[in-house]
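One structure is given below, encoded as C-alpha cells.
Protein chains: 4
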Amino acid sequence: MTQKPRARDIGLKFSGMPGPYNAITDVPGVTVGYSTILENPVEGVHKGLCTGVTAIIPRGMSGSIQPVWAGIDSFNGNGEFTGSHLINDLGWFLGPVMITNSHGVGMTSHATVGWMIDRFKEIFNEDHMWCLPVVGETYDGVLNDINARAVQEHHVLEALDTATGGPVAEGNVGGGTGMIAYEFKGGTGTASRKITVAGAGYTLGVMVQANHGTRNWFEVSGVAVGHRMREDMVFGHEQGSIIVVIATDAPLMPHQLNRLARRGSIGIGRNGSKGGHNSGDIFLAFSTANGHDNPWRAPDVMNLEILNDVHLDLFYEAAVQSVEEAVLNAMIAAEDRVAVKPAGKLVRAIDPARLVEIVNGA
Amino acid sequence: MTQKPRARDIGLKFSGMPGPYNAITDVPGVTVGYSTILENPVEGVHKGLCTGVTAIIPRGMSGSIQPVWAGIDSFNGNGEFTGSHLINDLGWFLGPVMITNSHGVGMTSHATVGWMIDRFKEIFNEDHMWCLPVVGETYDGVLNDINARAVQEHHVLEALDTATGGPVAEGNVGGGTGMIAYEFKGGTGTASRKITVAGAGYTLGVMVQANHGTRNWFEVSGVAVGHRMREDMVFGHEQGSIIVVIATDAPLMPHQLNRLARRGSIGIGRNGSKGGHNSGDIFLAFSTANGHDNPWRAPDVMNLEILNDVHLDLFYEAAVQSVEEAVLNAMIAAEDRVAVKPAGKLVRAIDPARLVEIVNGA
Amino acid sequence: MTQKPRARDIGLKFSGMPGPYNAITDVPGVTVGYSTILENPVEGVHKGLCTGVTAIIPRGMSGSIQPVWAGIDSFNGNGEFTGSHLINDLGWFLGPVMITNSHGVGMTSHATVGWMIDRFKEIFNEDHMWCLPVVGETYDGVLNDINARAVQEHHVLEALDTATGGPVAEGNVGGGTGMIAYEFKGGTGTASRKITVAGAGYTLGVMVQANHGTRNWFEVSGVAVGHRMREDMVFGHEQGSIIVVIATDAPLMPHQLNRLARRGSIGIGRNGSKGGHNSGDIFLAFSTANGHDNPWRAPDVMNLEILNDVHLDLFYEAAVQSVEEAVLNAMIAAEDRVAVKPAGKLVRAIDPARLVEIVNGA
Amino acid sequence: MTQKPRARDIGLKFSGMPGPYNAITDVPGVTVGYSTILENPVEGVHKGLCTGVTAIIPRGMSGSIQPVWAGIDSFNGNGEFTGSHLINDLGWFLGPVMITNSHGVGMTSHATVGWMIDRFKEIFNEDHMWCLPVVGETYDGVLNDINARAVQEHHVLEALDTATGGPVAEGNVGGGTGMIAYEFKGGTGTASRKITVAGAGYTLGVMVQANHGTRNWFEVSGVAVGHRMREDMVFGHEQGSIIVVIATDAPLMPHQLNRLARRGSIGIGRNGSKGGHNSGDIFLAFSTANGHDNPWRAPDVMNLEILNDVHLDLFYEAAVQSVEEAVLNAMIAAEDRVAVKPAGKLVRAIDPARLVEIVNGA
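Protein chains in written order, with the numbering used here: chain A, 126 to 487; chain B, 126 to 487; chain C, 126 to 487; chain D, 126 to 487.
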C-alpha cells in the first residue's frame, strides 16, 4: 500500500509517541479491512454511490472465538452502534467491529453473522452459539445515494476477508468513503500511541470514521482555522457523526474501558466539535489482553490481570491524542467528491498546504 | 382471525381491567403484523425453519413520520435491541418496532429501512432523513436452524404490510414462532389494561416475545407449577430471552417511559424468572401521546402534556400485570414443535387443563 | 442476642440453602452494627423519635483500607444512595455501607468520614486520601419526627463501633427502626444462601431496609395476603423505599456485580411490589473476593480471579430468594409503633400466625 | 462587590455573547451565595483551614418549592454529587445546588435539609415531604486541613442565606476557596452566553468549582501555555476534580438536559484536561423554564413547552464556551495560598500578564 502524506507528514504537530504504523494495527493482533463502493449514477437505480464498509478484527480469530473485553460510551446517541447492550452488560464482545453508512447497518450485521457462522462452523454447529454483531455507522447521504442501500453481503465479506495488519489506508475508504468532516471531505483515519507503565510497554490505537463538525467549529493545533477557510462550505449545521474505536493491549477491565471510551468526547473536542445534535458520537474501547475462550468453553474461574487505576491517565491522554490525530489523518487523506444531495455540490478535501500555513500563523 | 383460548379463558386469574382485545392494539393507533416462517428440513440448505418477524407500528403512519416518545431498559443485556442509543438520548424513535430471531436482526433492519424509504419517499428524497430501525430479538436455535439466516426482505415487508389493529394472534407467530419459555413452547403474547387517572381514561398494552425461563423457576398465580410439571424438560439452564414492548396513550415523557420500561423486570419475575444470564431481557416503552412532526418539520417550541409522576403507580401496576398475562397468553396459544438442535427433541406446549388443575391446588 | 422467630421459624417456606446465620454476616468478614433511636415526644423539640443508623462493614478493616469490588442499580431513583458515582466508575468503594433515614444521610456521611479518618489515621495523614461514604436511606416520617434530624454523630459511631459478625438483629433496629412495609411495620431484615459452583462453595448474603409496598400489593409465597389482611391500613399509595445490600465472597467483577444488584427488582417483586413511584429502590452488590490494597498502595498490575458468567444464574437466584426472605424477616421481627404523622395512627406489625394461616389456605 | 479583572478583562478572547454579568446569575432567578472559611493553623485542632461552601439557588424560592427540570452527567465518577439518583429518574430536583470540599458533603447535606425544613415549614409539616439535597464536591486537602472537617452548619446556612443575583465573586470563595487548577491556584468561576432561537432569547450560565488538570495539560486559547509556565508546579499527576453547573431558562426537558450536561467534558477539554482518573468530573444542567409546583401539589396533567432538538447545538456551544471561560475566570481571580500538605508549599495564582503574553505569542 502506498500511503499518502499524513497529518504529521505535512507538518502538523502532535503530542505523544506513535507506534510504528501510527495506526490501530500497532496494537498486536488487530487487523483492518475495507470495502469501498464508488459508482457513477445509474438512471433509475441510484444517483451515485460513495460508501463502503470497514472491518476491525480485534485479534487472531483462527481456532476459537475469543471475546475481547470492552466498554462503550454514547456521547451523543443520535446514531447506532449495535451490540451495545452486550458490551454494557457482559463487558465483552465476540467477532469484528464493523463501521458503515447509516442505511448499511442491517446488511452489514446480516453479512457479519454469516461470516462468523462460516468461520467458526464447528462452534456454531455444536454449541448454542449466537452472534449479535457490533456495527457502527455514520450518515453519508450528501455524497452517496444512501437510500439505494448499496451495501451488499459481498461488500461486507470483502472488508472482513481482506483485513490485515500493518499500514492502514485512510480517507475515502471503507465505511468512511462518503464522509464529510468540518464541511471538508472526511473519512477513515487512524493513529496510535506507545505507553510505558511501571516498566511495561503498551500500545493504544484509534480508528475513526469522521463525519462530524461544522466549519465554524474547526480548529487545528488550537488555531481556529475554520474561521479562515471559508470556501466550499457545505451546510448550515452539523449533520454527521463520528465513530471512534479505541484498541489497547493493556490489561483493562470493562469498567475501565468504559471510562477510556468516554475520553472520545475530549478527543473530538480538540478539533472544535461540540458534539452536535445530529451527530451520533459513539465511542468503543476494547482490550486484547486477558484473552480467554468464549464463555461456553472458558474455565469456571478465570485468572486475569488488571492495571491499577492510578495509571489510567496515560491511556486517557493517549486516546485523546490519537483521536485528534486520526481525525486529521482522515481529512488529509481524503479526496474531493461531488454530492448527490444537493446534486453537484463539490465537497472538497482540505488543502494541506493552506492548512499548515494557517496553523503556522501565516 | 379465530382466536384461541387465552390465559383467562382457561380459568387463570389476573388483576386489573383489560381493554376490549386485551392486546397492545387496544392502545389507539397501534397495529401489529407478522411473518411466520415454517419449513421442513431441506437437505443441504437448512435443517428446518421455525422463525419469523413481528412488526408493531406505534401509530397511523400515513402522511408524515411522527416519532413516538420512548424509554428503554436493558435489564439483562445479553441480547440486542437496536435503536437504543437514539431512544436513550433523543427520547423518541421513528417507524416500527420489529422483533425477530437473533440472526435475523440485520436483515430485518435492512428491510425496515427499505420500507420506510418507500413509504415516506417524499421526506427521504427532500430532507437529509435517516432511518435507524428499532429491532429486538430472541434466540430460536433450538427449534429453528438459526444459522440458515432464514429471514428475508420479503418476510419483513410482509410483517409490516399486514399490520392491523384489533385482535392479535399469539403463540407460534411472527418473531415468536420458534420460542421456548420455561422449557415449554413459548412465543408471542399480548395483554392490556385500562387506567383511569383523575377522570381521564388511558390504555396500556404489552407485547412480549417470550423465550425465557427454566422449568424449575416457573410459577403461575404464585404456584410453583414448574416443580409439578416435570415432563418434557428441554435444557439445564436458561438459554433464551424476552423482549417486552409496552405501549400507552398516556402523556408520558421519555424520563417517565424509562421508568415504565424498567417495570418489565418485575413483570417477568411474576412467572418465576430471575433474569438468567443467557437471557437478553430488554424492555421498551413508548407513548403515542404528544404526537408531533419529525424534528426537521416540527415547530421550534412544542407544547406537550405530561402526566404528574404521582400517578405513575397505576401504570407500573398495569405494566406488571400485562407482562405477566402476555407471557402466559404466549405459552397457552403456542403449539408443539420438534427441535433441530438437539434434533428430534419435542418441545411441548403447556397443557392448559393440567396447568389450571395445579394452580387450583388439585 | 436473643433472636426472635424469623420467617422460616413461623412456617413460611423458601427455596435455597441459607448459611449458618441466614444473614449477611454469613459472608466471611462482613459485620453489622446498629444505632437505634427511640424517644417519646419532647414538647418544643420533637414529636417523637423512631429512627436509627445501620452499618455494614464489608471486611476486616484493621490494618489497611481494602476496597471491595461493587456494582449498583437504581431501580427507582426516588431516593439516595451516596457513593454511586464512584461505584459506577471505579467499580469499588472504601469503608462501610451505611443506611439511615432520608434526613439523616448528611450527618451519617459526615460522621462516617470522621470514623474513617480516625481509624486509618496514618493513611489519611500521609496520602492524599479522601472518603466519600456510601450512605443509603429510606423515609420514616410517618413514625419518626424526621424533620427533627435526630441522627447525631455519636449514633453513627455507635453503629460502626458495635459492628460484629454472627446473628443479626432484625425489625425495629438501626436505620430500619421507623420503617413501614406493605402498610405493616417494616424494618431491617437479612437472609443468605450457600452456592456451589464447580466444586467451590460461595455465600451470598442480603440486608434490606424495608419501607416499601402497599397492602393491596402484598403477597407471600405467591398468595395475595394483602387482599385478606385489611385491618390497620396506613396510606393510600406507596410512600416508602427499599434499600437492598447484597454481599458475596464469590470473585465477581464490577460489571457482574452491576447485574447482580439489578436482580433486586425481581427480589422485591416477589412480595408484590411494583416499585412504586415514591419509593427509592436502590440496590448495591459487593464482593469481598480479590482483596487488594487501596489504589495508592496497590501494585501496578493486580492479579484477579473472575467467575465465568455462565454460573451467574445461581447467584441471581440466591439474591432473589434472599431478598424475598429478608423482607419478610424484617416484617416478622418488627414491632408495633404509633405514628407521629398522622399523630396517633397505629402501625401494626404483621400477625405471624394469621399470615401463616392465610398462606396455608385457611 | 468590587469585581476583580476577569479573563476577558486581561485580554483573553472568547467566542459567543455573554449576558450582563457574564455569570450564572444572568439566568433570571438564579442566585449565588458563599461561605468562605480561612483560618491559620491552631495547634492540636487543625493545620490551617482554606475551604468553604457555595450555594446556587435555581429560582425564587419564596412561597412554594418549585422543582427545576434537570440532567446530570458523570464524566469521571471519582467524586460525589448527591441527588443524582433523583435527577436521573425524576428529571428534576428541589432546592439549592451546593458545592463544597470532599469531607464537607455530609455536613452541607445535613444543614441544607435543615434550611429547607425551616424555609418551607408549612409544606414539611403538612405533606410527607422529604429533602435529599444536591451536593457536589472537590478535594482541597493540599491547601486545607480537610480531615478537620471544618464545614459547620452555620457555614452552610451563611452560603444559602446570602445568595443573591447580580455580579458573582470568583476565585478563592465558597467551595472553591482551597482549589488548585492546572497546578495554579483554582477556585470558583462563572460565565454566561445569550442565545437567540427562532426569535426568542435565552440565557445559559455556568458555574465551576475548578480543581482539576496538570500543568503539562494546560492550554489557553489553543496555546500550550502549561509547557511555557514551569514555575511553582505542585504535583506529578492530576489530583483534583471539577464540578460544572449549567443553568438555562430555555424550555429543555430532562432528556435534553442530560445531553447538555454531557457537553461539560468538551468544555473542560478546551483547557487541556483529559479528565484525569483522580478527578471527579461531574456536570449538572437545569432549566428554570416550565416551572410548576412540587409533585404533591402540581396538577394531574401539566402543560409544558419543549425546545425542538434541532436548536440544541446553540446551547451545546454556549455551554462549552462558558465552561472554558468560567475555568479561566476562576484561575485569574484566585490568589496565592500556602499548602498544608505538603506543608509550606506555595500554590501560586497564575500571573495574568505572563499568561496573556504567552497566548499572544510573545
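Glycine included, every Cβ here is placed at the ideal spot set by N, Cα and C.
Contact between Leu437 (chain C) and His402 (chain B) holds, since their C-beta atoms are separated by about 4 Å, short of 8 Å.
In this structure the segment 467 to 477 of chain B does not lie against the segment 292 to 302 of chain C, because fewer than three pairs of beta carbons, one per stretch, are closer than 8 Å. Counting of Cβ neighbours within 10 angstroms places Ala487 (chain A) among the exposed residues, the total staying below 16. Residue-level contact check: Asn433 (chain C) touches chain A, since one or more beta carbons of chain A fall below 7 Å from its beta carbon. At least one CB of chain D lies nearer than 7 Å to the CB of Asp438 (chain A). Within the model, the alpha-carbon separation for Glu205 (chain C) versus Ile162 (chain B) is close to 49 Å. The C-beta separation of His235 (chain C) from Glu262 (chain C) comes to about 14 Å, leaving the pair out of contact by the 8 Å criterion.
For Ser199 (chain D), the closest C-alpha among the options C:Ser209, C:Gly202, C:Met427, C:Pro424 is that of C:Ser209.
Check the Cα spacing between Ser140 (chain B) and each of B:Asp461, B:Val463, B:Ala468, B:Gly392: the tightest is with B:Gly392.
DSSP places Gly397 (chain A) in the coil class of the three-state scheme, outside both helix and strand. By the Cβ criterion, the segment 165 to 181 of chain D is in contact with the segment 262 to 271 of chain D, since at least three pairs of Cβ atoms, one from each stretch, lie closer than 8 Å. With at least 16 other beta carbons inside 10 angstroms of its own, Pro376 (chain C) counts as buried. Counting only Cβ-Cβ distances below 8 Å, Val348 (chain A) has contacts in chain D at Gly347, in chain order. Between His235 (chain B) and chain A, the shortest Cβ-Cβ separation is below 7 Å. With a 10 Å radius around the Cβ and a threshold of 16 neighbouring Cβ atoms, Met142 (chain A) comes out exposed.
For Asn419 (chain D), the nearest beta carbon of chain B is not closer than 7 Å to its own beta carbon. His362 (chain A) and Phe440 (chain B) have their C-alpha atoms spaced approximately 40 Å apart. Residue contact with chain C for Tyr327 (chain B): absent (no Cβ-Cβ distance below 7 Å to any residue of chain C).
Boundaries of the alpha helix (DSSP H) harbouring Gln446 (chain A): 437 to 458, taken from the DSSP string.
For Val298 (chain C), the secondary structure class from DSSP, reduced to helix, strand or coil, is coil.
Assignment of Gln364 (chain B) by DSSP, reduced to helix, strand and coil, places it in the coil class. Judged by DSSP secondary structure, Met232 (chain B) falls within the alpha helix (DSSP H) whose first and last residues are 230 to 244.
In summary, Gly389 (chain A) is buried, with 16 or more beta-carbon neighbours lying within 10 Å of its beta-carbon over all protein chains present. Taking all protein chains shown into account, Ala275 (chain D) has 16 or more neighbouring C-beta atoms within 10 Å of its C-beta and is therefore buried. DSSP places Ala284 (chain A) inside the alpha helix (DSSP H), whose first and last residues are 278 to 286. Sequence-distant partners of Gln128 (chain B) (beyond 5 residues in either direction) whose C-beta falls short of 7 Å from its own C-beta, in its chain, are Pro292. Linking Pro467 (chain A) to Arg340 (chain A) through their CA atoms gives a straight-line distance of about 18 Å. Glu205 (chain D) has a beta carbon lying within less than 7 Å of a beta carbon in chain C. For Asn396 (chain C), the CB contacts under 6 Å within the same chain, skipping 5 residues up- and downstream, are Glu344, Val452 in chain order.
Looking at the backbone, the Cα of Arg462 (chain A) and that of Arg353 (chain A) are separated by about 22 Å. Excluding sequence positions up to five before and after Gln446 (chain B), its CB lies within less than 7 Å of the CB of Phe139, Ser140, Gly141, Arg318, all in the same chain and listed in chain order. Secondary structure within the segment 137 to 207 of chain B: the beta strand (DSSP E) runs of 3 or more consecutive residues, fully enclosed, are 156 to 164, 174 to 182, 193 to 202 (chain order). Close partners of Glu430 (chain A) in chain C (Cβ separation under 8 Å): Val426, Met427, Asn428, Leu429. According to the DSSP secondary-structure assignment, Gly330 (chain B) is paired through a beta bridge with B:Ser317, B:Ala372. Within the same chain, and ignoring the five residues on either side of Ile457 (chain B) in sequence, the residues whose Cβ sits closer than 6 Å to its Cβ are Ala132, Pro477. Taking a C-beta cut-off of 7 Å against chain D, the contacting residues of the segment 375 to 409 of chain B are Pro376, Met378, Pro379, His380, Arg384, listed in chain order.
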